[in-house]
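Residues are numbered in the working numbering as their position in the sequence shown, beginning at 1, plus a constant of 444.
Quick reminder that beta carbons are idealized off the backbone N, C-alpha and C, glycines included.
From a predicted model like this one, the values you see are computed outputs, not experimental measurements.
Structure record follows, encoded as structure tokens.
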Amino acid sequence: MDDYPLIENHGLIGDLQTAALVTTDGTVDWFCVPRFDSPSVFGALLDKDKGGHCSVRPRSATYATKQLYLPDTPILITRFMTEAGAGEVVDFMPVTGATATPTHRLVRMVRCVRGKMTFEVEIAPRFDYGRTSHSLHLTEHGAVFEAADDTTLTVHGVREPADDRLLDVLMDRRNDLHFTLTLEAGQQRGIILESAADGPPREMRLDAYEELFHRNVMFWRSWLNQSQYWGRWRETVERSAITLKLMTYAPSGALVAAPTTALPEQLGGERNWDYRFTWIRDASFSVYALLGLGFTEEAKAFIRWLNDRVKERAGKDGDSGPLNIMYKVDGSSDLEERVLDHWEGYAGSAPVRIGNGAATQLQLDIYGEALDSIYFAHRHGLQVGHRGWASLLTNLDWLVDHWDSAGEGLWETRGGRKNFTYGRVMSWVAFDRALRLADANGRPATTRRWRGARDEIYDQVMAKGWSEQRQAFVQHYGSDVLDSSLLRMATVGFITPEDPMWTSTLDAMEQELVSDSLVYRYNPEASPDGLRGSEGTFSLCTFMYVDALARAGRADRARLVFEKMMGYANHLGLYSEEIDPTGRQLGNFPQAFTHLALIDAAITLNDALDRR
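What follows is the structure, encoded as structure tokens:
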């Protein structure tokens, strides 16, 4: 473990098509191109020896580091302090726009702000998850790493013409590049790493760099100025919004669950999944968060992406239904799960998985989440067209015939299908929202069938999803296991937030699933999920708990839980998927679902506090 940085000791940068992670000691240890789900070029996060990295750090044996974002941007500043001097590395990726491209730039600018400091720079790419060898070609103005499959990574210099004395270059036996920069106070030099460059290495003058930097600053600040959130925790909410924007693939509008794969939910365990894809569920929740903050264009883009998924398989039947639970960012659905046996995994936590075998699971809740987001968007002026409505009809007709089926459930368990209560609740939501849309727009629909299914689901959940012994709604029929996914029952309107059945469910969850404000998904010992090992508390669930408490009139308790949860964010306000008992972050990082739930919880709690 000592050879790997803590998961939370990273910052995220990106260009709206891919992203990179930068450690608090200035190392890029995760970077995939040309997309989030592409093979990695730097992957030391998952294998320190074979993964590849780009590091910038002081030559001094001892130094202190601090990391922060330039306010209102995802431009990352990593600061180094020694007795002899202080310096910093400024990392960002210029925004690429909405056209898919193989060319992406990662800018690493090095500054000395006090005294004198020598920086050591090492560039060691490992193409195709470290499976492809490369050559290195040095030129007067930079270098080119070329993989055996013709993939390239070009290194451009950022400097003035008379700066040769600042540079000392070395190429090692592994075709990696090493050089040093000795800078005095006020000096800055740097590199630009570019994938699929359209020409040889070239130098960028400092004034051109400054223009590139300021364009990036203006883009992000202009974008953030659209936010209409003025409540408590504004800085926290806006940082989550920027993080979500960084994880949105601009050419399609699809949001990845996380920009990483195989970061473990338990050190040494097997719960290591690839999250670089778009879940119908997660992305649907993004509509609430984005519209709640005023980001209409992003919500429109996702609704278009979602409508395309609904239309392309409308009327097709299969084991997983007309919708998959997840897709690649371009909408394709080939997510074959494989294991990278040559990598040891984060801190030795193998297996390292790419692709995701859960893609074709039957999870009935996604139909409710999709319809709920479409309905919410409709209320904000984003209308469903004729073709979109026709596709929804065929999907809903399928759901009428299949809602009473066992499935794998929200948490993608691999222990066999069950009648999950949450899946039934969200099927109820699908029919309820479809009925509202049909009525509001005067659209043709089989409303009698929908209404019959909706009412039958409601009665079934109240009869079979409720445990008299636990005085709570339970994970699946015939069990007494609690499940925090059901925290959304009141949020979606299935039950009123102050109903005694609901408040007693909250009480039961508090006793069994809540640990000092942190919330577990469920107890895998009580409800085996087909996987070995345990996991930490789910950050998403903690924020869902805050939302549920606030809606149930327990605003003071909700605020305390929310404030405690703020203390588990990393130094930049970012959250991974889980938190272990020591407070360390676990799972893929950062996780979109967590930041979406944070925004929703902040909006709900802020409104509840204002109403008191």
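Look at K492 here: in three-state DSSP terms it is coil, with no helix or strand label. Considering only L735, L707, F982, R998, the residue with the shortest C-alpha distance to E942 is R998. G853 has its alpha-carbon roughly 37 Å from the corresponding atom of D493. In the three-state reduction of the DSSP assignment, D718 falls in the strand class, which pools E and B. Collapsing the DSSP output to three states places V1005 in a helix. Membership of W847 in any beta strand (DSSP E) is not indicated, and neither H nor E is assigned to it by DSSP. Only buried fits W842, as 16 or more other CB atoms lie within 10 angstroms of its CB. With fewer than 16 other Cβ atoms from the protein chains shown falling within 10 Å of its own Cβ, T543 counts as exposed.
Short of 6 Å from the beta carbon of E647, and not among the five residues preceding or following it, lie these beta carbons of its own chain, in chain order: H585, G601. A distance of 7 Å or more separates the beta carbons of V565 and V613. Taking the C-beta atoms as reference points, V681 is found nearer than 7 Å to Y673. Cβ-Cβ separation between D491 and E788: approximately 5 Å, consistent with a contact (criterion under 8 Å).
Listed in chain order, the non-local C-beta contacts of Y902 below 8 Å within the same chain comprise W872, F938, local neighbours out to five positions each way being set aside.
Counting along the chain, no alpha helix (DSSP H) covers Q461, and no H or E run does either. When the five nearest sequence neighbours on each side are left out, the beta carbons in the same chain lying within less than 8 Å of the beta carbon of G736 are those of Y673, I1043, D1044, I1047, in order along the chain. By the Cβ neighbour-count rule, M537 is buried, with 16 or more other Cβ atoms within 10 Å of its own. Per the Cβ contact rule, the region 1006-1021 is not in contact with the region 653-664 (fewer than 3 Cβ pairs under 8 Å). Going by DSSP, V905 is part of the alpha helix (DSSP H) stretching over 891-908. Taking C-beta atoms as the reference points, R720 and D927 fail to come closer than 7 Å. In this structure, I747 keeps its C-beta atom at 7 Å or more from the C-beta atom of Q807. The beta carbon of H454 is closer than 6 Å to those of L465, T467 in its chain, skipping five residues each way along the sequence.
For H920, the pairing in a beta bridge is given by DSSP as F864. Residue state for R831 is assigned as helix, using DSSP reduced to three classes. For R558, the uninterrupted beta strand (DSSP E) run begins and ends at 549-568, by DSSP. With a threshold of 16 other beta carbon atoms within 10 Å, H548 meets it and is buried.
As DSSP reads the structure, E628 sits in a beta bridge with K560. Approximately 6 Å separates the beta-carbon atoms of A1036 and L688; this is inside 8 Å, confirming the contact. For I1023, the beta-bridge partners assigned by DSSP are T981, Q1029.
Nearest neighbour of K862 by Cα position, chosen from I567, L1004, H920, D1054, turns out to be H920.
Rounded to the nearest whole angstrom, the CA to CA distance from N885 to P944 is 35 Å. Per the C-alpha coordinates, the member of G812, S484, P515 positioned closest to F571 is S484.
By the neighbour-count definition (other C-beta atoms within 10 Å, threshold 16), Q827 is an exposed residue. Shown here for P795: same chain residues with a beta carbon closer than 8 Å to its own, the five before and five after excluded, namely A706, E714, N716, V783, L784, D785, G789 in chain order. DSSP places E532 within a strand segment (E or B) once states are collapsed to three. By the 16-neighbour rule on beta-carbons within 10 angstroms, K772 is buried. In the displayed model, G801 falls within a helix according to three-state DSSP.
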